[in-house]
Amino acid sequence: PVTEGWDGTFIGRPMPQTDYWFRVFLEDGREFKGHFSLVRGTD
Numbered sequence: 005p006v007t008e009g010w011d012g013t014f015i016g017r018p019m020p021q022t023d024y025w026f027r028v029f030l031e032d033g034r035e036f037k038g039h040f041s042l043v044r045g046t047d
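For the sequence shown, our numbering gives the first residue as 5, with consecutive numbering after it.
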């Protein structure tokens with residue numbers, strides 16, 4: 005499902021602005037790797 009995205013929190017606490025890397029292993033054996041930078045706006 006498509007969502008509005010991640011709000012930059014984990015267990016209700018804001019995560020630091022930094023770079024994050026991830027690996028996802030699917031049940032069919034595929035693997036996805038990637039990274040993103042968490043940058044907060046000035047709203």
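Positions of the beta carbon are idealized from the N, C-alpha and C atoms, including for glycine.
Because the structure is a prediction, the values reported are computed rather than measured.
Exercise. Compare the Cα-Cα distances from V28 to each of P20, Q21, K37 and report the closest residue.
Key: One-based indexing of the sequence shown puts residue 28 at position 24. For V28, the closest alpha carbon among the candidates P20, Q21, K37 is that of K37.
Self-check item: Residue interval of the beta strand (DSSP E) (run including E35)
Solution: Translated into positions along the sequence shown, residue 35 becomes position 31. It spans 35-41 - the beta strand (DSSP E) in which E35 sits, taken as one unbroken run.
Quiz item: Taking DSSP as the reference, what is the three-state secondary structure of D23?
Solution: Counted from its first residue, the sequence shown places residue 23 at position 19. D23 falls in the strand class under three-state DSSP.
Practice problem: Compare the C-alpha of W25 against each of E8, R44, F40 and name the closest. | Solution: Counting from one through the sequence shown, the residue named residue 25 turns up at place 21. Minimum Cα distance to W25 is reached at F40.
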